[in-house]
Structure formats: structure tokens, C-alpha cells
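Worksheet for the structure shown next.
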Amino acid sequence: MKKSFCLYICVIFFFQSCYKEAIIFDGEPNNFLEPNLILKINNKDCAFDSKSNTLRYSIEYDCIGDFEAFIEFQSYSKIYFRDSLLINNHMNNLGAIEVNKDYEISVITNGIEHDMILQFTNLPIIQVLTHNTIIDEPKKLARLIINYPSLSEDVLTSYIGIEHKGKASQWNEKKSFLFSFLNSQRTDDRVSKSIFGLKENSDWWLDAMSADHARLRNKTSFEIWQQIENTKNYGIHSNFVELFINSEHQGLYCLNEQMNSQLLDMFFDDALLYKAVAWDGTTFAVYEETVSTNKYWNNWEQKFPQPTSRINWDPLMYLTNLVVNYEDDTFIEEISKLINIDNFIDYYIFINMLSAADNTGKNTFLARKSQEDPLFIIPWDLEGSFGRFWNGDAVGYQDIQSNSLYGRLFELNPNNFKTRLQNRWFELRTNILSPDNLITIFETNFNQLKKSNILDFENTKWGLHTNLTEEQEYINAWINNRINFLDIYYQEL
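Residues in the sequence shown are numbered from 554 upward in steps of one, following the numbering used here.
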């Protein structure tokens, strides 16, 4: 009997030991979607990639000469860093550390040693933990954790609802994601939060940047748009991040604000936000006479007001009808009442500076804040720009991007449109759209990516051949050629 009892205890102990060993490295989160503790540095979990057996941690500086850090790990484990035993729940001196360098660590549990690699990165790390398979729709429950490089910024953790983003991009192996912050584990219990010091919003976008050879065109393009007229032209802010889903490193992403009524401060019931979802109607080439009673009309989608609350296509229907069907005199008289001409001038200059062929109809928003305001235009999804088409193919620098609305503005020249456009180009050409300024904005983003080895991981993970130096040289040459071409074009208007 005693032998049987001892055997029973040994079996229990054996299985408990195996379980403890498993949960250290298992990527499945617990019922609260919290990560399993492997190694925590200064109250921030290292993100674990099971395929490469690598831990990754975000730091503010490229190197730290004498890295003192508070270390935590499982109480039943021992961890060696550089052959030195770490003391659990204590400050430890890790010595000099650098980004992009591999550091060997050994995790010993129940006498079994597991060798891992610890890496430091200059980029923020986002972990998405879920028990669900993420699909297009509906959003699935998950937990989002953001570890910022700076020690002064607290870890952000929240339940989210997450889904795949985009239509064409759904075919890419590397997916983009939309997510909404949640107040609980209910996916309809949405809440607004601020991340990266940005404006509070419930909805955010993780851009995979799959087709972009440089992985920074969308981010850089929006930074240029925001410099043009500053707060008068609305756009989004972006931050490079590394993304982990459970225990799988996904690579480089761009965390973007989502264009919605919250971002645009739409407080009035008569505010409007329309999103272009396809072509034809959104280029003002055709007019659909049927009055829609749902959220779609003429390849536009009403985003605000909520379609379940109220449908209002009147301003957009009138604008489209004016462009497509109305007499010249009526167009000249009415157009400045319906659209913000200065904003549309900036947008024309902007998409032609970028040669953003995918943004002349689709990939735009139209909005107004009140009934008294004209509609203004906002760019969206600018990956196809600066010498690349939306699918990554190279494009030349000698083309002009336009649509039927701009066609009538050029033809009829209301309120001296062409001269205003010409003057605005040469004004911007001396500062914001000078080659030096554009190349500097790109250089800042290129340098941030080059400091990290994340592109090496991207190439291995997704079977790519991205070369940032070659793409930077390509963009710089394209910018100079494009500006010379546009100088002649605007001079001859």
C-alpha cells in the first residue's frame, strides 16, 4: 500500500513538473488572455517567438552601457544570462547591451535546460493574445499589450476585438488588422483609449505594409500631408511596431489611427463622413440616380452618422450630379459651396507629388463637420506612391493623377482655380515639397528601421528580398525627377 501511494505521489509530481515545464513555453494565454511568464524585465514581458526560440524586448536606446533591470520569472525556474545566474524578483546588472545582438540565456526547469536567445529592439512591441482564429469578420476577442521602449511609459494592456483588414490585402500571407478597444470580454463593449500619446479612439489599424518595398510609404506620406496646411488638412498618425500574435512573431507593422468621427471631432448630427470603397462613382465619372436607403451609394459608404441612425446622401448626390450632369454656369456657381476649394487644391498637389494613382477616387474620405461647412477630402492608404503602384510594381514619374471632378475644375476654372493651384504648388515647392524636406522626412523613417534588424526577420519570415538602402536610393532619385517634371507641368497651366 505504501509503495502504491508513493508511486501515486511520484506520478502526480511528474505530471505537475511536466505541466510547469510546458506552461513556461506554451503560447496559449490563460482565461484572462494574459501571457505566461517566461522573462519580465522592468515589469514588461519579453515577447516570445516559439519558432526561433527567441525572446524580444524593447529599449529606448541603441545601447546601454550598464543595464540595471528588475527581473522576474517563474519561481520554479532558474535563468542564466551570459552564464550568470539571475536573481528572481530583484534588480540585476545585465552589463552592456545593444539592439540587434543575440544574447544567450538558459532557462532551467525541473533539471531540464532550455537554451534561448534574448534580443533587444528599438521598436515598440505589440502582443496580441487570443484563443481565437482571427478572420475577416466578425471581430474576435483578444488581449493587446503594448511595451513601449521608454521606461517612463507604462505598459498598456486591454481587451480588444480584432479582425483582418482590407479586401485585396486579404490574399497576402502577411495580414493587416483592425481592432477596437473593449471594456470587457464582450466584443460589443467598446471603449476609447489613447496609445502612443495620440488622441483617444476606439478603433485602430495595424498595417502589414505587405506590398511596400520600403515599409514606410504610408507613414511618410501622411507625415507630408500633415505638414501641408497642418491642422487644416486631416490625416492620421502612425508608429512602427513589432507584432506578436500569441507566440509567433509577425514582423514589422505600422500602427495607425483609424479615420472615423472620433478622430475628426464630429459632434453635430449634420456632420458627415463618406468613405470611397470602389471606383467609377468615387471618381465622379458616373451618377447613380437611385436614392439609396442603406449605407452604400455609388461606390461610397456612409461612415457617419451611423447608418442605423440616419442615412444622408443628399450632399454627395448633389455634388456628383453637379459634376456629371449640370450645365457649366451652374457648376461654376455652386462648386465652391459644396467643396473646400483650398483643401481640394492641396489634395491635387499632394496626390500628384506622390503620383498616388490609387487615390484619385478609391482610398479617399469626404467629410464635413456641420451643415454650414463644405465637404473636404482626406487621403487614405497611400502605399501606392513615390514610384510604386499599389501592388509594389515600379511606376515612372511623368504622369498626372486626376478625376472627373478635377477635370471640370480645370475646364471651367471657377474662382480662378488654375492660378490658385499654380501659386500653391510653387509656394509649397519652396519648403514642404522641396526635395530636401521630402528626402529628410523619408530619411528619418528609414533610419528608424535601419537601426533595427526587423527587416532581416521580415525577409526570412515572409520570403522577401527587401533592401532598404536600394529602395531609399530609388525613392530619392524618383523625388528629384518627379519635382522637375511637376515644375514644368504647373508652370504651363
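Glycine included, C-beta positions come from ideal geometry on N, C-alpha and C.
Evaluate residue i with the Cβ neighbour count: other Cβ atoms within 10 Å of its Cβ, from every protein chain shown; 16 or more gives buried, anything less gives exposed.
i	result
T913	buried
V652	buried
A600	buried
F691	This sequence places Pro at residue 691; Phe is not what is there. By the neighbour-count rule (16 or more Cβ atoms within 10 Å), P691 is not buried but exposed.
K856	buried
I632	buried
S705	exposed
H766	buried
A761	buried
L638	exposed
Y901	buried
Q672	buried
W978	buried
R961	buried
Q680	buried
L735	buried
W866	buried
W724	exposed
K785	exposed
Y849	exposed
Excluding the 5 residues preceding and the 5 following residue i in the sequence, name in chain order all residues of the same chain whose CB lies nearer than 8 Å to its CB.
i	result
L1002	R768, L769, F793, L805, L1008, L1021
I748	I699, L709, W757, L808
S605	I670, H802
D944	According to the sequence displayed, residue 944 carries Asn and not Asp. A764, G937.
N878	Y840
E716	I687, I688, D689, E690, P691, K692, K693, F730, L731, F732
E574	Note on E574: pLDDT 46, under 50, position unreliable in the model; the coordinate value appears next. Around E574: T662, N663, I665.
N685	K693, L694, A695
Ordered along the chain, which non-local residues of its own chain (more than five positions away) have a Cβ less than 6 Å from that of residue i?
i	result
I1041	none
N893	P927, F929
E613	P702, S703
F620	L647, I650
F623	N595, M644
Q780	I985
Y656	L671
Roughly how many angstroms separate the alpha carbons of residue i and residue j, rounded to a whole number?
i	j	result
C616	F1010	20 Å
C712	E587	Before going further, note that residue 712 is Tyr rather than Cys in the sequence given. Straight-line Cα distance between these residues: approximately 10 Å.
F1096	S1005	Nothing about residue 1096 can be read from this structure; the chain reaches only from 554 to 1046.
V839	A764	30 Å
I1032	N783	22 Å
L608	I661	15 Å
L935	A947	15 Å
S862	N851	20 Å
T1013	T740	34 Å
I576	S755	Only weak support is given to the placement of I576: the predicted model assigns it a pLDDT of 43, under 50, and the value that follows is read from those uncertain coordinates. For I576 and S755, the distance between alpha carbons rounds to 33 Å.
T674	L965	55 Å
D636	D668	11 Å
V830	R696	29 Å
I864	A910	30 Å
Y629	W1015	37 Å
T835	K915	6 Å
Q738	K718	21 Å
Q1044	N976	9 Å
L592	E1026	40 Å
S957	K654	54 Å
What does DSSP give as the partner residues of residue i in its beta bridges?
i	result
K720	K720 is not bridged to any residue.
T674	S611
A947	R941
K746	N754
I698	Q680, T710
V1057	Not covered by the structure: residue 1057. The range shown for the chain is 554 to 1046.
I715	K693, F732
L761	Residue 761 is actually Ala in this sequence, not Leu. DSSP lists no partner for A761.
E925	In the DSSP output, where bridge partners are listed per residue, E925 has none listed.
E651	C616
H766	DSSP, once it has assigned bridges, lists no residue as partnering H766.
H1018	DSSP, once it has assigned bridges, lists no residue as partnering H1018.
I892	L928
To which residues of the same chain is residue i closer than 7 Å at the C-beta, ignoring the five residues directly before and after it?
i	result
V564	At V564 the pLDDT is 38, less than 50, meaning the model places this residue with poor confidence; the figure from the coordinates comes in the next sentence. Counting only Cβ-Cβ distances below 7 Å, and skipping sequence neighbours, we find nothing.
R973	I898
Q924	D823
T773	I994, F995, N998
L919	Y827, L869, L928, I930
N905	I953, Q954, L1039
N1037	none
W933	M812, N916, T917, F918
L676	S611, F793, V794, E795, S1005, I1007
Flag residue i as yes if its beta-carbon sits less than 8 Å from any beta-carbon of chain B, otherwise no.
i	result
Q1044	In the structure shown, chain B does not exist; there is a single protein chain.
Subject >> Every unbroken beta strand (DSSP E) inside the segment 771-855 [3 residues or more] >> reply: 791-798, 801-810, 825-829
Original post:
Which runs of the beta strand (DSSP E), 3 residues or longer, sit entirely within the segment 613-639?
Top reply: 621-625, 630-634
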